[in-house]
Structures are given as C-alpha cells and as structure tokens.
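So the structure is just underneath, and the comments pick up after that.
Number of protein chains: 4
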Amino acid sequence: MRVISLWTSIADAGRELLRGRSSPRRARPETLAADLLSTRGDAVGTALARELVEQLKSVTPEEKVAFLLHLANEMAVDSQKVISAAETYRTQPGPEALQGLRRVAEGPRMELFRRINMAPDGIRALVSLRELLLRHIRENPQLAPVDSDLQELLTGWFNPGFLSLVQIDWNSPASLLEKLMRYEKVHKIPNLEALRRRLAPDRRCFAFFHPALPDEPLIFVQVALVRDMAAKVQSLIETASQPDNPAEADTAIFYSISNCQDGLRGVSLGNFLIKAVVSELTKELPSLRSFATLSPVPGFLAWFRDALAAGILTAADEQLYSRLQQPGWIDDEAFAASAKPRLEALCAHYLVMEKRKSRPRDPVARFHLNNGARLERINWMGDISAKGLDESAGILVNYRYHPAHIERNHEAYANDGAVVASTSVRGMIRPLTERQG
Amino acid sequence: MRVISLWTSIADAGRELLRGRSSPRRARPETLAADLLSTRGDAVGTALARELVEQLKSVTPEEKVAFLLHLANEMAVDSQKVISAAETYRTQPGPEALQGLRRVAEGPRMELFRRINMAPDGIRALVSLRELLLRHIRENPQLAPVDSDLQELLTGWFNPGFLSLVQIDWNSPASLLEKLMRYEKVHKIPNLEALRRRLAPDRRCFAFFHPALPDEPLIFVQVALVRDMAAKVQSLIETASQPDNPAEADTAIFYSISNCQDGLRGVSLGNFLIKAVVSELTKELPSLRSFATLSPVPGFLAWFRDALAAGILTAADEQLYSRLQQPGWIDDEAFAASAKPRLEALCAHYLVMEKRKSRPRDPVARFHLNNGARLERINWMGDISAKGLDESAGILVNYRYHPAHIERNHEAYANDGAVVASTSVRGMIRPLTERQG
Amino acid sequence: MRVISLWTSIADAGRELLRGRSSPRRARPETLAADLLSTRGDAVGTALARELVEQLKSVTPEEKVAFLLHLANEMAVDSQKVISAAETYRTQPGPEALQGLRRVAEGPRMELFRRINMAPDGIRALVSLRELLLRHIRENPQLAPVDSDLQELLTGWFNPGFLSLVQIDWNSPASLLEKLMRYEKVHKIPNLEALRRRLAPDRRCFAFFHPALPDEPLIFVQVALVRDMAAKVQSLIETASQPDNPAEADTAIFYSISNCQDGLRGVSLGNFLIKAVVSELTKELPSLRSFATLSPVPGFLAWFRDALAAGILTAADEQLYSRLQQPGWIDDEAFAASAKPRLEALCAHYLVMEKRKSRPRDPVARFHLNNGARLERINWMGDISAKGLDESAGILVNYRYHPAHIERNHEAYANDGAVVASTSVRGMIRPLTERQG
Amino acid sequence: MRVISLWTSIADAGRELLRGRSSPRRARPETLAADLLSTRGDAVGTALARELVEQLKSVTPEEKVAFLLHLANEMAVDSQKVISAAETYRTQPGPEALQGLRRVAEGPRMELFRRINMAPDGIRALVSLRELLLRHIRENPQLAPVDSDLQELLTGWFNPGFLSLVQIDWNSPASLLEKLMRYEKVHKIPNLEALRRRLAPDRRCFAFFHPALPDEPLIFVQVALVRDMAAKVQSLIETASQPDNPAEADTAIFYSISNCQDGLRGVSLGNFLIKAVVSELTKELPSLRSFATLSPVPGFLAWFRDALAAGILTAADEQLYSRLQQPGWIDDEAFAASAKPRLEALCAHYLVMEKRKSRPRDPVARFHLNNGARLERINWMGDISAKGLDESAGILVNYRYHPAHIERNHEAYANDGAVVASTSVRGMIRPLTERQG
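Protein chains in written order, with the numbering used here: chain A, 1 to 437; chain B, 438 to 874; chain C, 875 to 1311; chain D, 1312 to 1748.
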C-alpha cells in the first residue's frame, strides 16, 4: 500500500490545467488573488491557488508586504455591505439572510485564505505570510485585521485533534535535529554534543507536528528526569554530565519549551503539549511523582527598574539595582548573599502581586498559571547565563503541574485572576517599602 | 523516533483532570455541551469535549436525535442578539464591533462543534453525528441549520491539503479491504475473489484518508487499465477474466467512485480524487492517452416516466416504456435492436437538454461536467445488471477527462450551464415528438 | 533514508555483466552450474548464479529433477579424493592439509549451493529445489545426499537469530492472510469469516519470516486465549462464537501450528516459535498462568490396527476397532460412552509406551516432548471432524509448556527417552490384554 | 501487524529456562561453551548460548583473549580422530562414515560458533570476538585456525542475499550519521557541516546492513556526481562548495569506501556494494555515462623506498625521494613541476608492473582490478592532505567501472594477473633506470 503525497498530484494536475489560460503564466499575486476569489469550481480554483502560492514564494519581501497591504485595504470587510445585509436580516430574518450577513461580515479575505489552503503547501504559505506580517505589523497597524483573520483560521487548522505528538531522540533524522538546534530559544544548543546530552536516556524531547507540514516541528519541549525538583538549569544542560538512570527519577522537569513557527503566534499549542507529555511520561515511568517546569522570569528586572522609577521602592533597592547592572556581581559572594533575600522577596512580589488587566505581568507566569500550574518555588542562581542575569538577576522559578489540581488552579485563575502559589513563595513576599535586615 | 497518537495522551490527561469535578461523571450530552461552551481554558475544555464525545457514543440513537434537536432549538443563532450587534456595528463600526457581530451571527453551536473537535476522536463524533442528522432531516426540517453549520466546518477540516492519497492493492490490510467491500455502492463486490480481480495488475484503486480518521477511507475510485475506451462494465468486473499487461493500456477507465462517509455529504472530494489519480497514473504509465469514466445514468428512466406523464413524448414511447418495465426484454434481441436508437436518442436528450435550475437533471452528469469532463459516448447495454436496467435501461456513458480541456469545459459549464458533449452524442439527439424509423 | 532491495540491484548488474559472454544466454542448468563452480571472482559468480536461478524457474519439473539427479551423480563427493586427502593429512597434518580434506569431504555440491545463495532469490530457489527433491526422493534414493547437503545449509541460513517474529492480525496484508488460509493444514480455514474469527481479540497468530523471503511466512501458530485448558478444538474455531475478553484469560492454547515451506522440512523452527510466543504472551498478558497445546494424535488408530494385526490386543478390541470403521459411531451415544474408557487407555498406552528407536511412535508427541512439554491430558471427542475421527477416534491431547520445567523435561526425554506425562494420563494406562468392565 | 524482535523473546524465554539449573548463574565462558556443546535440544541450547553471549560482554578483554586461546587449544580439530574417521571411511565408505569424517574434520569449535549464533545477538558477539582476535593474532599465531573458522562462518552469514542496501541522506537518523563519521577512514569527516556537504543533492551515500545487526552499517561508499572524471579529492569534500545539479552530472565518482566492522575482515562486501550502487545510480540518473573511483595508492612511497634500498633506481631518484621527505615540497612549484613526470612514471610502474604472488603489490589496486575495474588515470596532486603526501606523494588514481567490460577485465586479472590499464597510464611507464629529461 503506497501513500502518495497529495500535493504533488494536485500540483501537477494544476499545472496542466492552467496551461491553456490566456492570462500570462506569472501574474502578480494581487491579480491571482482576484482570479482565485472570482472562480467557481474547485479544479481551476486549486490550480490558481497553487499558482498564487508559487508566486508568493518567488516575489521579494517588499512585494509580499505590498500584497499584505493590498489584503488589508482592498479585501477588507465592506461595512456598507454589512450594514445593508444586517438590515435585510432585521426585516426578513431567515437562514439565507443570516448566511448572507455572515459572508459579508467575514469579508472576502477569509474566503481567499481558505481557498489558498486548498493548494499544495497552501498552509505553509499562509503560516509564512503571517510570519512576515507580524514583523511588519508595528509600522503598519492596518494589518491587524489581516492578522486577526489568519489567526482565527490557523487556530482551526492547527486543532490539537489534527496534530501528532512525536518523541524525538538520537535516532531522529539529522535534518530534524538540526531544526531543533535552530529553534531552541530558551537555552541555546551550541553544538551536536550538547544536543546529544539533551537526548540521553535521562532526558526526553517531544514535539507537535501537523500532517500538512510533515517536516516542520511546531513546538517542542525538553524534559529532564531527575531526583527532586531541579533548581538550576546549568546542571541540566551541562554537556559533560553523566546520564542518570531514568527509572530512578521521581520528577520530570520541563526546562525548555520553544515555539518553532513565528507564523503561529497566538495559536494555543503549549498547554496541550505539556499535558500530553505529562500523560506520556506517567505511562512510561510510573515512578514519576512530580511534574514541574524550570522557567525564566523574563520581566523581573524590567519591572524592578520601572518600580524604582515610579518611586515605590526604597533607596536601598536603588543601590541594589545599580549594583546588579555592574558585571561580575554574581562572583561577589558577600554581596550576592546579602542581596538574595531582598531579590527573592521582590521577585515573589512581582510574580504574585503585579498585574496588568488583572493578569500577572510576567508572560511566562501567565502561560503556566492559565494552564493550571502552581507557582512552586523561587530558585536563586537558577540561570547564571548572561541572559538569565540580565532578565531576572539569575532567578528561575518552578511551576508545578499536579494533575489533580490543574482544573481547580485554572478556574481560580480564569475566574478571579488568582495566582496560585505555594506557601513558601507566599512567605517570601514583603511590603515593598520595608527593608528587612 | 516514536509517533504517539495524540488523542490517547490528551484523553488520558482529560480523565485525570475531570476526576475532582463535582458534577457526576456521566452527565447528559446537553449538560456537557453547556459546560463545554461556558468553560474558559483549553485544558478543561478538552476534557469536557472528550467526555461529551464518549457520551455521544454510548447514548441511544433516540437520545442522539434529541441532542440534535436541542442543538437546533437551544443553540441556534439568537436573532435579537444579531440585530442588536448589527446596530452597535452600524453606529460604531470597528474591529471589535465586527467581531461581536460575527460571533453572534455564527451562534453558539458553531463554537460548540469547534470545541468538540479538540477532543480525541472529536471529528469522528461530528461526522457520525451528521450522518445521523441526515437520516432524520426530512422529518425534522428544523435540523437544517445544524446541518449547514456542520457542513461548513467539515468542508474546512476535510480540505484536500490535509488529505493523503493512498493506492490500495492486494497487500493492503484485510481490515481496509473489508471496508472497501462494504462501501462499494456502484458495482457491488460479492466476495474476496471479486475484489482480488479488481486489485490485479491491470486495475488500480485509490482512496483519500484524513489524518484524524486513519482507519477510514473517505472516498475511493476503481480504475481499469484497458485498450480503447470501455463500453461495458460487466467485462471490467468479471472475476474470472485474465489480467492484461498494464504497460500496454492506453486508456484508464474510472468505472466506480464511492463515497464512504455519509456524514461528509456535500464535502467536495470526488473531483480532487479524479484529478489526483489522473496525475498519478500519467506519471506511472506514460502510455496512457485517455482518461474516462464508465458512469451510470441514474435518472434516465425516472425522467422517461415523468416525460410521458407530462405528455411531451409519443405514443410509441409509451409502448416502449411499458415494455421496459417487463422483465426479460433485454433477452428479446429483436425488441432490443428496435428500441436501441430511440432509447439512445432519449438518453442523449435527457443528459444534454434536461435541466433543473439551469443545471443538468442527472446528478452524475452534474458531477462530471462540473469537474470539467466532456460527455463522450453513450453505451448501449453498458450495465445489464438489475440495477442498470432499472435505472437506465442498461445504458452507461463515458465522461472523458482531457487535461488540456478541463478548465475550458468547466468554465463553459460554470458560467452558462453548457453541457459539453462529443459530436457523436450530440448527433444522437432527436426532437422529442419525432419518431425515427 | 531509503532501503533498496539488494537483489534488484545485483540482478540488474548481473544482466549487464553477462551481456558480453560468448556462451549462449540461456544455457542448461547443468552447464551454468559447472560455469558457476569454476569461476573465480564474486562479480561474475553472482551473475552466473542469478542466471542459474532464472533458468531453474523456467525449466520443466522433469528437467529440474534431471538437474537434481545430475547434482547427485556428478557433483557428489569423490571418495578417491577424500581418501587421498586424508592420507596427505595423516602424513603431513596441518591447517592446509585439513582444509583440503574438508573441502573434498564436503564435495563440490555444497560449494555450488553456497554460490547459488549469492544470487538474488538464491535461497528461494534452493528451498523450492528441495521441495521438489522431497517429492521425488522415494523413487530416487540416490538424492539422499543432495537432501542432506541442502538441509545442512538451510539449517544454518534459517538460524533463529536471522528470523523475525511477526504478529499477524486483521490489519495484516490481505496477500499474507490468503497465504495463511492456504498453508493452514491442521484445522482448515474455509473462508475469510473463519479466518477473521481466528484473528479476533481473544485469538493470536504469530509467524516467523526470513529477511530473504519477506513475503513468505515460514511457520505460524494459532493461539486461543481462554479460561481453563481447552479440550475441544471445534469450539475454538467456531466462526460464529463471540470473542471473549483476552484480559480475563488464564490459559493460552496453541491449537494449530503449520509449517509453510515444504522445502524447509527438518529445519527446526517450531520449538523456537512456541518459546518465543510463550514469552511474548507472558509480557502482553501477565494474567496467563498456563500454556498448552491442543494437539492431534495422528498415529493412534494406525497403531491400533497394527497392534490388532500383531495380536497383542483382545478380541473385544477387535470389535471395537471394527465399529470405529463404520461411519456414524460418534452419534451412537451408548456405544461412544462404552468405548471411551478403553480408547483412552489405549491412547495413553500408545503415547507413553509405544516407541521406535527409543522415541515415542507418535510424531506430534515426539515434537512436543523433545521441546520440553509434558503430556497433560487426553480429551475425548476433542476433534470430531472427519480427519479427527479417522486418525484418533476424535481424541486430542494437551501438551503443557511450563517454563520452569521445560529444561528438566527436555533432558529426561533427550537422555532417556522418558515420556513426561501427568498423573492423570499415567493413571489411564492399562495392560493391553486386560479389558476393564 | 507487529514485528517483534525475536531476540528479546528468545532471550526472555532463555532466562526462565535456566532459572532452575544447578550450575551457578554466571559461569566462566569456558564452562558455558562446554555445556553448550554437550547439550542436546535447541531450547536449552539457545538459553546457554545467550548466557555465553552475555558473559562475553561482561568479562575483561584479558579473559576474552584467554577464552580465544582456549578455543584454539582445547576446541581444535583432533587429528587422531580425523585420521581414525578417515580410515573408517576408507574401509567402509558411505554417507554416515563421510558425515562422521566431516564432523571431526570441522572440529567442535565450528559447531560451538554455530550454536552461539542461535542466541540473541550471537552474531554480534562473534563479530566482536573476531575483532579482538585480529588485534591479538600477531602475538598469538595459534589463533589462526580460530580466525579461519570464524571467517568461513561469517562469510556464509553475511551473504549478499541477506544484506540490504540503504541510501543514507540528511534525513537518516543522527545516531547512524554519527557512526558514519566515526567509521570513515579514507577522508576524515571533521564535523557535521562536512558530513552535510557529503549528503547534499549532488552526493550519494550507500551502505550495507545485515538484518541481525540493524543498527550497524557494514560498509559504506560515498559518491560524488560530477561533470567529467574528478582528479582531486579536496574539491569533492570541500565543505563550503556549492552543490551542483545532479541531473547534469555525467560521472559518478566513488571517492571513499569504508569497512565499518573490523570483525568482518576478509568477508567480501566491497565489490557487491560497488556493483549495486552502479546499478542504483544508473536507474536514478540515466544521464550518467561513467563510473569511476578516486582512489589512494597507499603503497607507492613505501615501494619507492624499498626500491631505492634494493638499488633498482637511479641516484636522481634517491635525491627525489629525500626531497619528498621534507615538509613543504608541495608548495615549491618549481620542484613539484620537475618531479611530476618521474613520480607519475614511477607510480604507473608500481601499479602495473610490481607484483607479489603474481598480484599487484598495491592493495587498493588488487581490490578494484579483481572487481573488474580498469586503471584509468593517474592524478597528480589528487590528495594533498598529510596522509596523501605521506603515502603517495599526493597522487590519486581513477579506477573505472565500465559495465560492459567488467567481466572481461576480471577474467584477465583472475586468470593471468593481468593489470588492465588505459593507454594513457601505460604510456607513462618508463624503464626504472632511465631518467627522462
């Protein structure tokens, strides 16, 4: 039984189909998009979609941005049509009027994207288009509705029911491992030996794939199987360390989770991945009793600076912050020891108390708390890389996933914005203006 | 590298998640649907969706129909909300108002279906739900909007970009071949030997699969590789016939195409399949010069009867029709020879001239003409099975797919309803009231 | 990464290599064999071997038998050379003299077979050659040394270390299942439904494959997972029976074991298969406590007849045997009830006491006892098929494989020819001339 | 359908079987070998073989060498038994006497190795045992007969009919590519980027695998697809070079061929690999017109030195040789230009005229000429790596494989030791004592 890539077949069919067209073979994307939208019939539609996808691969980035702006300006929802269709519906409600209203409220762009997705590699073209869009949205705010349309469609197409969970190890294709090295953003993988260590018997790596992008991981997580909850990431990613016996581990540490496709920003994948991996590991290693992340606190020092500017901290904090800006403080043991309690207290305060729109200010905290995790522990000198020192004075935190509490935690967070934190973390919080010792 | 079924993982995670819930483990589908719609957060949502899918498997058909009616009645679009959202948009147009209008115009049911699709086997549950719906829609016309919602969503999820084309042969799993035997509707496969003949070296069989339904063919086509265009189906499906050398074939006859999933009615798959298979066969066997179907004319005799009732035919036609109702006419050679020219003329007329809403009355003609095929030839005694005689007095027709003409044919049909037919078929048409001979 | 069938490559290379040869393309097998033996260098050797293999496929069976006789007569060990090489060795012992002695003692035929095995499909040709040989060895006893050579080589090449164990189920290729139906000899599989029942969740089927014959099962065993040791085979192979829950089974019954390749007769595969399957099932279903066969007693009635002829039984036995020759005795309940104790006693005697060359006379008993099984139970009316009644008056027996006793049982049998039997079987034995009741 | 590693099953069965044995679980290899040889019955035999294989993994290298010496001394052929069996055969020739003679002439060691091969991983243990043996055979010449036995058996088991040809590319498992880097001996692969270049679209890599060693390549060849015959290896393995379009190549250059398993020394694999790859490439790329190696001349400078010592060269050659011993001569363009003709002449002489036992003195020449290649061209500065300069003053040669001439070339070589060389190479040869220019 032979499985054939459908794309190739349809692509080849498409080429043939368009051979006789009067329009020039290589029209501009804008023209092809208009043709694609106006065609009836799937056969020609697919061929046109394929032509458009091919064109989008070959045009310059500037032309692609122009195409995006064209989509924003010329293929937007026509508010007059919406108002008129709504009026029709109001006077004569019924399925057809409703369908008409929906169609104009959605606009031609959504339909165009759906038709592009019928081309071979259509979904890849759309993901890549959105990646470019997100790089230009700041200077072109009129792209926001285009982005919103794409995100809505991609969320449906990257439904977890369509994904496969893949365990990656040292027998995985070299081409895939090479991508892992490129996509890992949290704790860089400097070379193949480092990667090999991360795929050793006491480590696990899982990724999501979509059937229409079989060679592209969407997101992957790296897990360390250890005894007791890990506090420092450097010891986990040390290339030279000896693998432990995974059967003796009682804790799985999710020490890095990386999204691979910028074009899928906002498409929820991470929480499904974490849950699926918890479930897989539980089956494989019944001895595991605890699942936790070892996570950065990317916004801590930025908040510290803002809080000083806002005058809500003490003069001692001012000095503390200055010292942190000077390289080498981490090696000044006396200073570090004296700074530790205040930094831990400030970090606990930052994670638990500081909110924006009633959600925690820290993005990593938002992600894990919304998934139902608990803020478990603050780890002094958890990540002493340059990046770790810059962002959070070297502090890392554990978020713990306890299957029996995930729903309760999630609901408390979703309903009230409650930050579920362990007693030990809560106990670290001090009034901002009070200086202990 | 291990590929794990994602469903299992998420399903197992889901079980754990719901363990602590206060609501009883096995709530009614209506309750679960309400819970699922009101939850925030993907984790619990997936668990609830899974619970609902499980429940839908275990309830009785009557309870399932009741659930469908509940969806129709209680989860419909709220026209008051639509009108009010439209008013908001009219007075203050903007992305958020538009989004709000879209949401209420879509209604809660669409959102519910999308959330069900996040469960393991969610898509299977929805396809099966729609299959049941279609069996009860006639006596429950209020289910029409539910059907419309499901069809819209399934069309997006069964996008050809997500499908795989699989060539099925005698080495395919027995469990799959068993399904083929069950799903083949055009020319029944009585036993394994008959199937084996249809998978011999001078035959081909291709099917579409979706990654979320890996064990279920969606649609399949059976192809005979022959010399010259085939006119009779019985010779193609004769179990005892000797396989020919496929390398000597110049024509591929698509003699049977079967949809397998009733729940996917209206989701366009057949035209993609035909085109993909034409492309595959061209690559495999460059000697093929012609691609054509050998198709039934399911509505011919029904139209003949209606035309007699409408008084647009002759008295001789009346006698002819009566004789066709008597068993055994096919063996009366003299009668058959005398009937042949008139029946061919009437059939040509029926296929080319008879329209409904400016489209051909015959459903198989509509399908192939819309795909860009040409009505090529009328085959007397093409299918002398009981079904063939009942439907079309044994006539079969060839629709020809010529890659270079597909688009032109399709456009003529799509724009003007033009039936592209060969000279020989056109030449058979006679005025309805004129009796030759 | 692409795995290429090596044979194709070498075959194609071979064709090219021989293109320039002066000898005619299609020489007789005898000529090709001589060429093959005399060539130096693997390249040409492989091409010649391939040519010979092709020729053996195309010649008539009579020509093939002639080739076998040629191998027997013209490629035998040359005893004069052996004696002379032995003399050389005696006077000047050393590695080279020994090597020379070995070579002539082995003879040219063995070397020829080894070279044939270098051709694509060489091993298949040799297995098929031996299959033919075994059909003609009775009338051509001079083929015995050829058979002996082939068996020695095939035993090495079908080493268990080279085999793969495959679990066959309803998802296996139809082409493989078709072979199973053809090869099953013990309890015929009449149709696909019967096979499907034998592959249901409470059944298992395992086969051995060799990498050089990937499409050919070598031997397979069918297993029923049941509660308590099964006594009757008809209930196990009943197509209409409902599958039981395999998780509740405590006993695995090996109710049929079939060799598929006649050309591998005498190559030990069955005992490895049984042991491997016991191990697999133990892992899959830890609840299994007992592993036993449900086996025929193929030689029982033949021995009964011989024993009567030899006058070692009673006159009542004479009457009993006569009655067994009349059809329908099985439905005569009174007779059957009266015959049961004596037939069980005779069968127990036959299995435990009757020997040939100090091994049990019954071939199935020899096989399982040599594997370390114990004769566990005699089952009255275990197989009431025509074959079962003909061979053993419907009696079947269980041989039990108890992992902890296999070695002890095997050694007792191997050293002393001891038949290890349960107390209940031993208790059934009566003096041959004594008639109870 | 599930394919189960047979080894695991048999291994697990084996463990169980030996549980009750009186002998200690972990006996010495010598004891286990004696037990294994004396056992009857496959069941216990396999278990013992497995135990022996496990033991051989865990003992020290010294103990393993002691075991090899034990095999040499205590399990050798018993010449008295051979002489006695030969006498029996002389007086009463017959199949049994012959069989008896063969058995004692083969000795117990061969039988032991065959039994070890029935264990899981038995063949791996034997390959590894021979690898160790070959490292110690120089100081222990009594191991020669052990080596000879192993080579004979391994040659049968690594029959090309049992191997699979695998094309390795950048999608191959990282663990396999890592092995390639380790095993490549001719032109070292310094890092992953270098390897990636060697697997680019204009390169090919093929390896042989054996089913019982699925994770171990046996031998692999690296091929460059180029225009015109390549003369310099550095340009082929240059990491930074741009891949060419393989469809435009007319020549395949086999620039490196590496045996991976030292324990398989003397088992013919390379010639099969070259032929299989020629055949595969011909099918994939019909535009290829020429197949050639780019090969080292490892013995050239060593012979030059010996020839000087033997006084058969000129005083000028003496100076030339001295200069070649001084680093940096390659950058002295004037010297290099003046040395080129004489070095080419000497190299051509060395390859064509210098023999040992009527075969070329150069091992690489022996290999390719015996395979049927022709010595095609001498390439000045073909390999200017340190190794290339040391061995052959930087000279590389092309051996050409022309399918139509392979057999003729091979036979000329095999029968007469003839070195088939191109006119250009032959034209370079000069009398040794004549100095041109």
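For every residue, glycine included, the Cβ atom is placed at its ideal position computed from N, Cα and C.
Going along chain C in order, which residues have a C-beta closer than 9 angstroms to the C-beta of residue i?
i	result
D:M1429	N1033, P1034, G1035 and F1146
D:G1467	R988, N991, L1027, G1030 and W1031
Given that residue i touches chain B, what residues does it touch there, using C-beta distances under 8 angstroms?
i	result
C:L1051	A611
Under 7 angstroms Cβ-Cβ, which residues of chain C neighbour residue i?
i	result
D:S1390	P967
Answer yes or no: does any C-beta atom of chain D fall closer than 8 angstroms to that of residue i?
i	result
A:N370	no
C:H1223	no
Flag this pair as yes or no: are the beta carbons of residue i and residue j separated by less than 8 angstroms?
i	j	result
B:S716	B:D687	no
D:A1430	D:L1412	no
C:Y1057	C:S1132	yes
A:M381	A:G394	yes
C:D1102	C:D1076	no
C:L986	C:A907	yes
Given that residue i touches chain D, what residues does it touch there, using C-beta distances under 9 angstroms?
i	result
A:N171	P1484, A1485, S1486, L1487 and D1526
Cβ closer than 7 angstroms: which chain A residues qualify as neighbours of residue i?
i	result
B:V942	Only positions 438 to 874 of chain B appear in the structure, and residue 942 of chain B is not among them; the question remains open.
Can you pull the chain B residues whose beta carbon is under 7 angstroms from the beta carbon of residue i, in chain order?
i	result
A:I123	G598
Any beta carbon of chain A sitting closer than 8 angstroms to that of residue i?
i	result
B:L566	no
Can you name the residues of chain B whose CB is closer than 9 angstroms to the CB of residue i?
i	result
A:I83	A523, Y526, R527 and P530
So residue i contacts chain D; which residues on that side make the cut at Cβ distance below 8 angstroms?
i	result
C:A979	L1409, L1412, R1413 and A1416
For residue i, which beta-bridge partners are listed by DSSP?
i	result
C:K1229	C:P1234
C:Q1096	C:C1079 and C:S1130
B:S601	B:F646
D:S1601	D:T1562
A:V146	A:V146 is not bridged to any residue.
C:N1272	C:R1251
Verify the CB distance criterion: does residue i have a CB-CB separation below 8 angstroms to chain B?
i	result
A:R115	no
A:H402	no
With 8 angstroms as the threshold, decide whether the Cβ of residue i is near any Cβ in chain C.
i	result
D:S1459	yes
D:S1334	Here the model assigns D:S1334 a pLDDT of 48, short of 50, so the residue's position is not dependable, and the following value carries that caveat. By this cut-off, D:S1334 is not an interface position.
D:H1447	no
D:G1748	Low confidence applies here, because D:G1748 scores a pLDDT of 43, under 50, leaving its location unreliable and the question unanswered by this model.
If the cut is a Cβ gap below 7 angstroms, which residues of chain D does residue i touch?
i	result
C:P1019	P1406
Next item on the list: Give, in chain order, every residue of the stretch 1526-1543 of chain D whose Cβ lies closer than 7 angstroms to some Cβ of chain A.
Entry: none
Margin query: Any C-beta of chain D within less than 9 angstroms: which residues of the stretch 179-211 of chain A qualify?
Written below: N191, L192, L195, R196 and L199
Check: If you measure beta-carbon to beta-carbon, which residues of the stretch 235-263 of chain A are closer than 8 angstroms to chain B?
Finding: none
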